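Going by the numbering used here, the final residue of the sequence shown carries number 743, and the count climbs one at a time with no gaps. Virtual Cβ for every residue (Gly too), placed ideally from N, Cα, C. What you are looking at is a predicted structure, and each value in this text was computed from that prediction instead of being measured.
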Amino acid sequence: MLRPLLLAAALVLATTTAQARITRLEVIATEPAFNGQVFGTAGAYLHLRGRAHGAVDPNDPANAIIQDIGLASRNAQGLVEYSTDVEILMPAERARGNGVLLMDVVNRGNKRLLQVFNGAPASNVVNHAGDGLLMQQGYTLVYFGWQPDLLEGNNRVRMQVPVARNADGSPVTGVVRSELVTAAARPWLNLSSGHFTQLFHTSYPTVSTDHTTPLSDGFLPTLTVRDRQQDARTPVPASAWRFATCEPGQAPVVSTTAICLDGGFQPGKLYELIYRGRDPLVLGLSYAGMRDLAAFLRDDGASPVFRPGNRTVLFGSSQSGRNMRTMLHLGFNRTETGARAYDAMYVHIGGGLAAMNIRFAQPGRAWGEQIDHLYPAYDFPFTYAPVDDPITGRRAGVLDRCAATDTCPRVFHVATALEIWEGRQSLGLTDPLATRDMPEPANVRTYIMASTQHGAWTQPLPRQAPFGICQQQPNPNPQFETMRALLTALTAWTLRDEVPPASVTPRLADGTLVEPSQVRFPKIPANAYGGVERPSVKFLGVTNPLRVLDFGPRYVAADSSGIIDQEPPRVGAREYALRVPQVDADGNDLGGIRSVTLQVPRGTYTGWNLGRAGRFEDGFCSLSGSFIPFAATAAERSAANDPRPSIAERYPSTSAYAAAVRQAAGSLVAARFLLPQDAARIIAEAELSGPAPHP
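Shown next, in the form of structure tokens:
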């Protein structure tokens with residue numbers, strides 16, 4: 049089986065056409081996947097590794113929106129070239145697959161499809177199939193690079209794009225603002241060292257390592273520090289820092305991409321460096337690459353996965369999901385032939401838009417209440433359907449461009465409660481001032497997973513305070529089973545037009561989406577349940593307020609594109625109206641998909657957590673929810689003065705607990721939010737262990 053595929057791979061190198069602008073697929077290796085394991089009717093799988101080479105016409109109107117494409121180098125045909133790493137897991141016999149190319153917008157280069165849907169260990173070496181769900185169902189998995197500012201290493205999947213240059217060949221320069229955050233004291237940091245970007249993102253070099261002599265236009269770089277995002281910035285004297293690396297006991301080494309601070313950078317503080325950078329990447333080519341690779345793999349007969357009738361489904365989490373929405377918003381789901389690039393999209397925990405199609409963009413940044421608060425991540429529009437925005441005066445929706453060309457995909461937008469609390473997800477559910485619930489286009493479904501955090505905590509819960517940088521233990525309410533069921537429903541919609549479940553979200557109309565001051569959160573006291581000391585829960589009604597950010601006249605907020613001249617941005621006066629989930633008497637969310645864990649709870653599960661002392665205290669603890677267990681007995685509850693009934697009061701026996709689990713699982717299976725095989729496993733675990741504490 050391997051030899052025919054190797055021959056086919058060689059054929060790709062020789063015969064690939066320029067249709068869809070993938071000019072060449074360079075196959076590096078093809079080998080049996082998962083040690084030859086066989087997966088039901090899909091059979092054995094193969095693992096293909098290679099690199100796709102593409103070329104984009106800068107004069108094509110579909111590509112004109114790409115920032116700085118006119119400043120990119122061109123080949124002899126006048127095209128702008130790029131390349132992207134590609135890895136494919138495919139049935140060794142193509143005809144045995146289900147006809148779906150499940151394409152992963154990898155998160156910071158990391159491959160997560162097998163982890164998210166199969167429960168495999170997190171790894172960029174795709175050699176563990178987990179429980180094999182995706183293979184049993186016959187998917188072809190495609191990992192491809194799209195983020196060009198990643199460093200090589202750890203088997204990350206990356207993309208390569210040109211640097212923008214002025215017409216005379218001189219460097220393009222511009223203002224760069226870098227929020228510097230460190231988890232531990234460090235003498236120096238890379239210029240890109242943010243909360244999410246410090247480990248493996250490249251830095252834009254400074255135009256000059258002399259930070260005390262003004263440039264010809266009078267510009268001087270500045271460094272400030274503050275304890276919280278809302279605090280005033282305190283200038284750091286120029287004499288206390290320099291563009292360099294520095295190690296204790298050694299002389300500083302001048303560097304264009306690093307900064308050294310006397311006394312070192314400290315955790316729990318926001319440092320903000322504003323400097324003049326050079327050599328921006330043409331990052332917007334990422335969206336052309338997403339578009340063109342999908343069309344090539346699905347439609348070109350030279351594709352190693354080509355099969356008539358194939359469908360493309362794009363999946364991405366968090367940063368990747370926001371880039372999927374931006375790709376749609378900018379019109380890149382239309383191929384050069386006028387077809388849909390992706391038939392369906394599964395946008396996971398990806399509210400807002402992405403800072404990608406911008407000169408000197410930093411696409412690894414996010415949208416936190418404390419961390420990365422002032423980066424472009426939430427420009428209007430917020431909803432898929434068009435709506436009037438009284439603050440900007442514009443009317444728009446994310447799907448406007450694809451709707452105009454009839455190239456919109458079917459969309460599952462799947463988010464957690466944390467996205468509502470910290471990630472402003474309610475703006476995707478209501479109009480900008482939260483006066484009404486927004487209707488959805490017929491091709492969109494939105495599912496909010498109630499009382500969940502950004503990524504469910506899957507390790508043993510920490511048993512000693514402080515709990516990382518948070519006040520409470522993280523939230524273990526799972527997403528895994530819901531995610532699998534939703535993928536199955538989206539696939540049925542894509543392949544067979546089976547109507548999926550209706551959207552399930554908190555709503556203004558039924559009182560499950562409310563102002564923070566209206567949340568009826570219980571008073572949960574300090575406790576030592578299970579031998580773990582926990583502080584009392586602070587419910588402060590914190591949100592992540594959003595105002596229009598003005599980055600200067602060359603920034604086009606309507607497209608989250610352009611050139612940033614104003615740093616830090618000017619902040620508008622009017623706030624958008626954010627709403628949050630209403631809760632039950634235990635503090636658990638009422639609206640959204642309620643997992644078995646939430647319907648038969650062992651504690652309170654929230655979509656928010658607060659920073660501990662010295663770590664942005666009482667602001668959001670970035671991306672973390674909370675878990676506060678119930679007391680084991682009524683006596684223990686009474687001693688702590690806890691208003692929430694104890695485990696023993698709720699579930700007097702293992703059989704009573706198992707019966708409640710069986711009922712909850714049955715209702716979720718009937719609603720198509722839980723696969724039957726997952727329900728059987730959950731029920732069996734409940735019958736065996738009863739309401740045991742979370743690991």
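Classify residue i as buried or exposed, calling it buried when 16 or more other Cβ atoms lie within 10 Å of its own Cβ.
| i | result |
| --- | --- |
| D436 | exposed |
| G266 | exposed |
| T542 | buried |
| P677 | buried |
| Q501 | buried |
| G126 | exposed |
| E135 | buried |
| K159 | buried |
| A110 | buried |
| N214 | exposed |
| T65 | Summary for T65: the model assigns pLDDT 42, below 50, so the residue's position carries little reliability; its value from the coordinates is reported in the next sentence. By the neighbour-count rule (16 or more Cβ atoms within 10 Å), T65 is not buried but exposed. |
| L55 | Reliability of the predicted coordinates at L55 is poor, the pLDDT of 36 falling under 50, and the value obtained from them is presented with this limitation in mind. Label assigned to L55: exposed. |
| L247 | exposed |
| L61 | Here the model assigns L61 a pLDDT of 43, short of 50, so the residue's position is not dependable, and the following value carries that caveat. Exposed, by the Cβ-count rule. |
| V301 | exposed |
| P429 | buried |
| D454 | exposed |
| N405 | buried |
| L53 | Here L53 scores only 42 on pLDDT, less than 50, and its place in the model is too uncertain to base an answer on. |
| I612 | buried |
| P743 | exposed |
| L263 | exposed |
| A661 | exposed |
May I ask which residues mark the beginning and end of the beta strand (DSSP E) holding residue i?
| i | result |
| --- | --- |
| P573 | First-last for P573: undefined, no H or E at that position. |
| Y495 | V492 to M497 |
| I676 | S674 to P677 |
Relative to the C-alpha of residue i, which candidate in the options has its C-alpha closest?
| i | options | result |
| --- | --- | --- |
| N172 | Q163, G180 and D179 | Q163 |
| A232 | S368, G312, T494 and P564 | G312 |
| A683 | G673, S694, F675 and S674 | S694 |
| A625 | D479, P196 and P548 | D479 |
| S703 | P80, G738 and G147 | G738 |
| V705 | M404, T645 and F192 | A small correction: the amino acid at residue 705 is Tyr; Val does not occupy that position in the sequence shown. Among M404, T645 and F192, the Cα nearest to that of Y705 is on T645. |
| A212 | D197, L181, P741 and Q115 | Q115 |
| A688 | A661, V585, Q647 and S609 | V585 |
| V567 | V628, Q520 and V619 | V628 |
| N575 | R642, A621, R544 and Q520 | Q520 |
| D690 | D634, A498, Q725 and F721 | D634 |
| G399 | A451, D454 and Y432 | Y432 |
| A124 | R142, V104, L137 and D108 | V104 |
| R10 | D258, R544 and D427 | As displayed, the chain neither begins before 49 nor continues past 743, which places residue 10 out of reach and without an answer. |
| D258 | F528, Q298, E227 and I307 | I307 |
| Q314 | R339, P328, T272 and P564 | T272 |
| P741 | D666, M151, G579 and E295 | G579 |
What are the boundary residues of the alpha helix (DSSP H) that includes residue i?
| i | result |
| --- | --- |
| Y653 | Careful: Y653 lies outside any alpha helix (DSSP H), inside the beta strand (DSSP E) at G651 to T654. |
| A24 | Residue 24 falls outside the range modelled here, since the chain spans only 49 to 743, and no answer is possible. |
| Y335 | L333 to D347 |
| C450 | D448 to A452 |
| L543 | F528 to R544 |
| M486 | From DSSP, M486 is part of no alpha helix (DSSP H); its letter is neither H nor E. |
| A465 | A465 to W469 |
Quick one: measure Cβ to Cβ for residue i and residue j, integer angstroms, because I've assumed they're closer than 8 Å.
| i | j | result |
| --- | --- | --- |
| A292 | S303 | 5 Å |
| T132 | G332 | Not quite, the Cβ-Cβ distance comes to about 14 Å (not below 8 Å), so this is no contact. |
| G102 | R69 | 5 Å |
| V361 | D391 | 7 Å |
| G673 | Y653 | 7 Å |
| R204 | G157 | 3 Å |
| S334 | W194 | 4 Å |
| I730 | A718 | About 15 Å separates the two Cβ atoms, so there is no contact after all. |
| V190 | M372 | At roughly 14 Å, the Cβ-Cβ gap does not stay under 8 Å, so V190 and M372 are not in contact. |
| V596 | T440 | 6 Å |
Nearest chain E C-beta to residue i closer than 8 Å, yes or no?
| i | result |
| --- | --- |
| Q277 | Of the chains in the structure shown, none is chain E; there is only one protein chain. |
Compute the minimum distance between the beta carbon of residue i and the heavy atoms of the ligand ZN, and state whether it is under 7 Å.
| i | result |
| --- | --- |
| R413 | Among the ligands in the structure shown, none appear at all, so the ligand ZN cannot be discussed. |
Checklist entry - Three or more C-beta pairs closer than 8 Å, one from the region 371-380 and one from the region 442-449: is that the case here? => result yes
Next on the checklist: For the region 724-742 against the region 695-712, do three or more pairs of beta-carbon atoms, one drawn from each stretch, fall closer than 8 Å, so that the two count as touching?
Outcome noted: yes
Checklist entry - Does the region 575-595 touch the region 523-536, meaning 3 or more C-beta pairs lie closer than 8 Å? => result no
Next on the checklist: Tell me whether the region 687-702 and the region 543-561 touch, counting them as touching only if at least three CB pairs, one residue from each stretch, are closer than 8 Å.
Outcome noted: no
Next on the checklist: With three or more C-beta pairs closer than 8 Å as the rule, is the region 549-556 touching the region 476-493?
Outcome noted: yes
Next on the checklist: Any contact between the region 246-265 and the region 187-201? By contact I mean 3 or more CB pairs, one from each, below 8 Å.
Outcome noted: yes
Checklist entry - Any contact of the region 412-427 with the region 482-493, i.e. 3+ C-beta pairs under 8 Å? => result no
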